[in-house]
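Visitor: Heads up: the protein sequence lines correspond to chains A and B, in order. Start counting the first sequence at 1; every next residue gets the next number (my numbering). Start counting the second sequence at 1001; every next residue gets the next number (my numbering). Even for Gly, the Cβ is constructed at its ideal location relative to N, Cα and C.
2 protein chains.
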Amino acid sequence: METGRHRSQSLGSAGLAFHALLCSSLLLNAVFFAHHLLRSSPTATPERLGDGLSWALQAAREAEAVAAADCSGHGNVFLDGVTGEDGRPGCECNRCFSGPDCSVRTPNCTADADSGNPLFLEPYWRRHAAASAVVFSGWHRLSYITTGGRFHSVELDRHIRLLHRAVGNAVVDDKYLVFGAGSMQLINALVYALSPDGNADSPPASVVATVPYYPAYKSQTDMFDGREYRWDGTTATWSNNGSRNSTKGFIEFVTSPNNPDTALRKPVLAGSSAIVDHAYYWPHLTHIPAPADEDVMLFTASKLSGHAGSRFGWALIRDEKVAKRALSYVEQSIMGASRDTQLRMLKILKVILANLHGKEDIFAFGYDVMRSRWRRLNAVVSRSTRISLQKIPPQYCTYFNRIKEPSPAYAWVKCEWEEDVDCYETLLAAGIISRSGTLSEAEARYTRMSLLKAQDDFDVLLERITEFVDAEEHGRAPGGSSSM
Amino acid sequence: METGRHRSQSLGSAGLAFHALLCSSLLLNAVFFAHHLLRSSPTATPERLGDGLSWALQAAREAEAVAAADCSGHGNVFLDGVTGEDGRPGCECNRCFSGPDCSVRTPNCTADADSGNPLFLEPYWRRHAAASAVVFSGWHRLSYITTGGRFHSVELDRHIRLLHRAVGNAVVDDKYLVFGAGSMQLINALVYALSPDGNADSPPASVVATVPYYPAYKSQTDMFDGREYRWDGTTATWSNNGSRNSTKGFIEFVTSPNNPDTALRKPVLAGSSAIVDHAYYWPHLTHIPAPADEDVMLFTASKLSGHAGSRFGWALIRDEKVAKRALSYVEQSIMGASRDTQLRMLKILKVILANLHGKEDIFAFGYDVMRSRWRRLNAVVSRSTRISLQKIPPQYCTYFNRIKEPSPAYAWVKCEWEEDVDCYETLLAAGIISRSGTLSEAEARYTRMSLLKAQDDFDVLLERITEFVDAEEHGRAPGGSSSM
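#1: Closer than 6 Å by C-beta to LEU1327 (chain B): which residues in its own chain qualify, once you throw out the five before and the five after it? Chain order, please.
#2: Exposed or buried, what is VAL1135 (chain B) when buried is set at 16 or more other beta-carbons lying within 10 Å of its beta-carbon?
#3: State the DSSP-derived secondary structure class of ASN108 (chain A), mapped to helix, strand or coil.
#4: Confirm, please, whether the CB-CB distance from ARG1448 (chain B) to LEU1431 (chain B) is below 8 Å.
#5: Taking three-plus beta-carbon pairs below 8 Å as touching, is the stretch 1385 to 1399 of chain B in contact with the stretch 1251 to 1267 of chain B?
#6: From the beta carbon of THR1083 (chain B), is the nearest beta carbon of chain A less than 8 Å away?
#7: Given that ILE1334 (chain B) touches chain A, what residues does it touch there, using C-beta distances under 7 Å?
#8: Comparing the C-beta of VAL154 (chain A) with each C-beta of chain B, is any distance below 8 Å?
#9: With C-beta atoms as the reference, is CYS397 (chain A) less than 8 Å away from ARG445 (chain A)?
#10: Considering only the alpha carbon of each residue, which of B:ALA1471, B:ASN1076, B:ASP1101, B:ALA1133 lies closest to ARG1386 (chain B)?
#11: Report back the beta-carbon spacing between SER143 (chain A) and ASP1340 (chain B) to the nearest angstrom; my notes put them in contact at under 8 Å.
#12: Does DSSP put GLU252 (chain A) in a helix, in a strand, or in coil?
#13: Can you say whether VAL1421 (chain B) is buried or exposed, counting buried as having 16 or more other CB atoms within 10 angstroms of its CB?
#14: Can you pull the chain A residues whose beta carbon is under 7 Å from the beta carbon of ARG1339 (chain B), in chain order?
#15: With a cut-off of 8 Å, do at least 3 Cβ pairs link the stretch 368 to 375 of chain A to the stretch 1153 to 1169 of chain B?
#16: How about SER1206 (chain B): is its C-beta nearer than 8 Å to some C-beta of chain A?
#17: Compute the Euclidean distance between the alpha carbons of ASP499 (chain A) and ARG1318 (chain B), then round it to the nearest angstrom.
#18: I'd like to know whether the C-beta of GLU1122 (chain B) is nearer than 8 Å to at least one C-beta of chain A.
#19: Using a C-beta to C-beta distance shorter than 7 Å, which residues of chain A count as neighbours of GLU1144 (chain B)?
#20: Going along chain A, which residues have a C-beta under 7 Å from LEU1389 (chain B)?
#21: With distances taken Cα to Cα, identify the nearest neighbour of SER1450 (chain B) among B:GLY1475, B:TRP1412, B:GLU1441, B:TYR1424.
#22: CA-CA distance, LEU53 (chain A) and ALA59 (chain A)?
#23: State the DSSP-derived secondary structure class of LEU316 (chain A), mapped to helix, strand or coil.
#24: Express the C-alpha separation of LEU1462 (chain B) and ARG1376 (chain B) in angstroms, rounding to a whole number.
#25: Please report the residue range of the alpha helix (DSSP H) in which MET345 (chain A) lies.
#26: Are any of the Cβ atoms in chain B nearer than 8 Å to that of TYR214 (chain A)?
#27: Can you give me the start and stop residues for the beta strand (DSSP E) that ALA205 (chain A) sits inside?
#28: Please state if the CB of THR300 (chain A) and the CB of ALA323 (chain A) are separated by a distance shorter than 8 Å.
#29: Who are TYR1229 (chain B)'s beta bridge partners in DSSP?
#30: Any Cβ of chain B within less than 8 Å of the Cβ of PHE136 (chain A)?
#31: Interface residues of chain A around LEU1343 (chain B) at Cβ under 7 Å?
#32: Going by alpha carbons, who is nearest to ILE145 (chain A) out of A:GLN342, A:ALA67, A:CYS71?
#33: Determine the direct distance from the alpha carbon of ARG141 (chain A) to that of VAL1460 (chain B), and round the result to whole angstroms.
#34: Are the C-beta atoms of MET449 (chain A) and some chain B residue less than 8 Å apart?
#35: Flag THR45 (chain A) as yes if its beta-carbon sits less than 8 Å from any beta-carbon of chain B, otherwise no.
#36: Check whether chain B comes within 8 Å of GLY358 (chain A), counting only Cβ atoms and requiring the distance to be less than that.
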């Protein structure tokens, strides 16, 4: 019995322990089971998956899978990239990188500083992935009509105005807003709007700009070649006679900050209708002395947020008749800017607005990148007697409320040596593709280098420039036109 | 001992059962725990939520929340809709419906059959929500450059060609493909491309069309008013003299099926450069007798998939020089169609292609809708002596491989009574907004009624038409110009 009782007792206490353990375990089973049921109930129907998501889940997974692909930090995979043999889009490598994962660097690669492709902002959008993503349903805005009975998104209009007010770079309250497929489209829309009516008995308007100017003003005006206007050269031809009447009927393109030389500009001709292109008038690319308030102003998403591929720009127009003509142009030519792009831009503007003056301010981010590039470029070029850059003093910026160092979109390079008559060719011989000043009707001694492309582009550019300046110091110029 | 042994034995067998139960329970817990760990590991960081989704989750939830809003089947909520006091976009109601959830029907509402807004396909995209959704990352294609170094998506180009081949409505193998911001933009792009060069010593091209024609050909040509071309009226003026030489230098717009009268058309002028607009040449809106193979053809997403708001169209062009000029026009005017829209269109085309000839074929779906509308409209109008519709016989369609009933996009209405000289006004007095034939330079006795809008639009239209015909039968015409 002793043993038996002992066993019985020990069995009894073991039994209690068993009971306790079993009960706990069964309870835990029940908890897990209930939890499992609760969690998995949305997956009971095939339509409901992924934290309550249904139809958007598949597209979200596709986008994340593509975004997660490894391109070694030197490229991107995009949803609509060219598909390889596996049916999936592959890495699109930055210039000077190649290989399936963009890990192979091309030796002695020529730097491409031609295009004003605003990829310097791409890292910003990767940092704000969740806030800036947009999901399009298959039935999103099939209609021609957007909100308000027209082709414009009322909310996008409102957010553009909010942004200008918050940044303080343009007076919007007394302006009409006209969207276009990039500010590019609005160049001709505004020329049309400011020219005499086709039925009017007026001579064609003279379209002009001041050297150095953005070449598209001329090339687009020449291409459309409407009977109501004509390209009439540069303001230098017309400004000297000084008479106000003589430049009535002129349409003057003004870019401020200017492309290519980044200087702030004002109209030159008194009495002309000015189209003031403020593509670069944002605090990451210039100081903002005051809100712009010209009668006709142009802006573009491209240089604001970096969304060049979206093709979205807008005009701010004081006069109702001019605004209506510009709107009519956009409606008759393309029936309004893509509603897809309008939705995407709305999301982008919301992110920008939500972060203004915070630690994730897009202008602070962009300014840091561009100021750093300008500093590094200047540090190298300051050692050169052969090339020089435009001089930009530090300036007070109303947006940042302090003196700012320069952070220009472009370097306007001058070849100083007498023999370097064609600066574009001089740089090309040194492995740098730039945009010749002659395209802006400036001297061939000037050329434009783009600073706002991807970091890889800038790094290669700085390498080539450094070699170029080093060669000059060591008495052996890699540039073909050098006589040293 | 007996008891003890018995107890011990029973405890032993109970113990075994306990053991078995406990082991099972513990094992089950282990399984649950492992499962829980595996499932919840992605949520360990706040970035990873929702079935492994991270940055796309928030946007997916927003889109689904908006899509789930209740507008009583008579409206939509869109992500970029005008926000109410609660900061959320509200229902945008179909015409003749109002109220916060679009549940209030406007009594005696005027039917709007003016615009060719292709909303009849909206239900198709709701049925294919998961397959047709697209997620845009904030950094999707910031660049000007898309694939292949240009502004065109290589994959979209490929899928457009796949679709034409699969549908059999156009020969693509020997054609260049040029994208535009809607086929609307390509109207002028092609006029430009087919006109003499600006520097050439040639007279301007004469741009013409055959009555009744799509009014934008004239209005857009007049608006751009390039020196290299001019609107030169209708083909009737020129076709009678019959000489081939006399119509050299002519650019003839041909729409097939025609807008407004839906007849298949061929160029009228021998020797002219024809721009053949095949916007409606898809199997839901016409029979397809054979693949189109003209030198210059126009297509648009609007009438193919219903995505009018996306502004995407394309031209198929045989001659390389003409194609290059058209491409240059699009590049210089807008730097290519929005890359956002190009990505969305790619997804849409993939869905269409995946379902061709299946039970979810978009053309079968669209054909069913449009055939049913045409039948119902004809059933009513056949009782009328006052108005008549264009006659369309059943025709063999190569795509469906059978004889098809008509399913036209528009009703081309003729007012038969002598006193109804302005058919637009006659219908307007009966509560129907149509598009007067005079806009196409046809007689005022003709007017166009759009049949491809939303079902609500068609239902209201059919109500008004039924009342109109009933009134005629009962000897009291609601139309203002009736003398009965």
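Guide: Looking at the atomic coordinates:
#1: VAL1178
#2: buried
#3: Here DSSP, grouped into helix, strand and coil, assigns ASN108 (chain A) to coil.
#4: Checking the displayed sequence, the identity of residue 1431 (chain B) turns out to be Gly instead of Leu. No, they are not a contact pair.
#5: yes
#6: yes
#7: Within chain A, the residues near ILE1334 (chain B) are ALA181, GLY182, MET184, GLN185, ARG311.
#8: yes
#9: no
#10: B:ALA1471
#11: Contact flag wrong, Cβ pair sits at about 17 Å.
#12: strand
#13: exposed
#14: GLY309, SER310
#15: no
#16: no
#17: Nothing can be reported for residue 499 (chain A): it is not among the residues displayed for chain A, which extend from 1 to 484.
#18: yes
#19: Just to set this straight, residue 1144 (chain B) is Tyr in the shown sequence, not Glu. Here the neighbours are SER115, ASN117, ALA308, GLY309.
#20: The contacting residues do not exist; LEU1389 (chain B) stays about 25 Å from chain A at best.
#21: It is B:TRP1412.
#22: 11 Å
#23: strand
#24: 8 Å
#25: First-last of the alpha helix (DSSP H) with MET345 (chain A): 339 to 355.
#26: no
#27: 205 to 209
#28: no
#29: B:ALA1205
#30: yes
#31: LEU79, ASP80
#32: A:GLN342
#33: When rounded, the distance between both Cα atoms is 22 Å.
#34: no
#35: Caution is warranted here: a pLDDT of 38 is assigned to THR45 (chain A), below 50, making its placement in the model unreliable, and the coordinate value is therefore given only provisionally. Not an interface residue.
#36: no
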